[in-house]
Amino acid sequence: MEISQLLKGVLDVAVLAVLSKADGYGYDVVRRLRAAGLDEVGDASVYGTLRRLYNQGALTSYVVPSEEGPHRKYYGLNDAGRQRLADSATTWRAFSATMTDLLGATA
Amino acid sequence: MNTGARDYLTELRAALADLPSAEVEAIVEDVRPQLAEDAGRLGTPAEYAAELRAAAGLPARAPRKGLAPRVALWVLAITTVAAGYAGYLNEGIASNDGRYSLPVFGLALVATWFVVARFGPAVAPVAALPETRLLDLRVPAPVVRYLTSLHPAWCLLRAVLVGLGVLLLCHTIGWYSGMPEVVALAVAAIVLFAGHRSRTDRRWLWLSVPAGAWAAGVAFRLLGYLPLIVSGDIGYVHV
């Protein structure tokens, strides 16, 4: 099964989960997703997801100057984002349990 | 910021130009730190923009409105036909018809250069036109490879024929000083360069394609002289 296909549906949750641990700028979020094991995540997909979540009002953003290189625009969860993450996590756990049951029955 | 990053952001902005400028700036601001650290993973600006649009739920690039791409394409087509005819006409070019119409075609072509220059190396707005897509025939890959392998030879042949055409033209209009050879060489060099560059920068097609038609016209004209050369009459003909 193509991981990249699965990722499309859950990238929102993955990005929200990463940001719930600590605020981060775009490239930082990309790296943390990879470090967590999502190697196949596309850079532009993460940046696009951040913009969408921000435009939907789930994220706040603020700029932090960087000593070396350009300044960094950090994103963080606001209340709406935290609520959305909680809802998504519930949905995901139920879905994941269903899939595990289903696969357990056939394997 | 280095030049590579600056160029990348310029092209990225162009690929997002239909979006609100605040959103474009936010997107550019997001990508800047990675561009400074690890640009290799990002892909081309166009690929980056397309993937980002899909993930962000932004509309895919709206086709550029306006007549400019269509006018540019049709001026190219019409001047190509005119250039082919002019190459074949040669001495007839100085007739009333040619004298008054060909400069108009030439000026129209030069005017489109300023329009096409804004379209970028891939001339995407023209490539997106329905009439251009009609031209995009499904040619088998081996044929494409073979034709591509001929391209450098065609560029050279085209430059030689265009140079010959310029020489013929200069003689036709009675310009016999030492300059025609210099002009012919210069024009041939420009055409050779245009052909070479058109592989990567499609904007050069607006010079190389009409030049190719002119070259084909000149080739037909020269073929017409062959029987005269064979019969030995060439000495009596004002070529």
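Going down the list, the sequences are from chains A and B.
Going left to right, the first sequence walks through residues -13 to 93 as our numbering numbers them.
Going left to right, the second sequence walks through residues 509 to 747 as our numbering numbers them.
Every residue, glycine too, gets a C-beta built ideally from N, C-alpha and C.
Bear in mind the structure is a predicted one, so any value in this text is a computation, not a measurement.
Item: CB contact below 8 Å: Asp9 (chain A) versus chain B; Value: no
Item: Contact belief for Val634 (chain B) with Pro577 (chain B) at Cβ below 8 Å, rounded distance in angstroms; Value: 5 Å
Item: Contacting residues, own chain, Cβ-Cβ under 7 Å from Cys663 (chain B) (five flanking each side not counted); Value: Leu700, Gly703 and His704
Item: Supposed contact pair Arg561 (chain B) and Gly23 (chain A) - C-beta distance, whole angstroms, cut 8 Å; Value: Not quite, the Cβ-Cβ distance comes to about 26 Å (not below 8 Å), so this is no contact.
Item: Contact the segment 543 to 556 of chain B vs the segment 580 to 590 of chain B: 3+ CB pairs below 8 Å; Value: no
Item: 6 Å CB neighbourhood of Arg18 (chain A) in its chain, flanking five on each side removed; Value: Val4
Item: Interface positions of the segment 26 to 38 of chain A facing chain B (Cβ-Cβ less than 8 Å), listed along the chain; Value: Gly28, Asp29, Ala30, Ser31, Val32, Tyr33, Gly34, Thr35, Leu36, Arg37 and Arg38
Item: CA-to-CA distance, Arg641 (chain B) to Ala630 (chain B), given in whole angstroms; Value: 14 Å
Item: C-beta neighbour in chain B for Arg18 (chain A), strict 8 Å; Value: no
Item: Burial state of Tyr60 (chain A), where buried means 16 or more other Cβ atoms lie within 10 Å; Value: buried
Item: Residue from B:Ala544, B:Phe622 and B:Val690 with nearest C-alpha to Val579 (chain B); Value: B:Phe622
Item: Where Arg561 (chain B) meets chain A, residues with beta-carbon distance less than 8 Å; Value: Gly34
Item: Min CB distance Gly565 (chain B) to chain A below 8 Å; Value: yes
Item: Cβ of Leu524 (chain B) within 8 Å of any chain A Cβ; Value: no
Item: Neighbour-count burial assignment, Ser685 (chain B), 16 or more Cβ in a 10 Å radius; Value: exposed
Item: Extent of the continuous beta strand (DSSP E) to which Tyr61 (chain A) belongs; Value: Arg58 to Leu63
Item: Within-8 Å CB hit, Pro51 (chain A) to chain B; Value: no
Item: Cut-off 8 Å between Cβ atoms - residues of its own chain near Val726 (chain B), not counting five sequence neighbours on either side; Value: Gly595, Tyr596, Asn598, Leu669, Val670, Leu672, Gly673 and Leu676
Item: Cβ neighbours of Phe728 (chain B) in the same chain (closer than 6 Å, five flanking residues each side left out); Value: Tyr596
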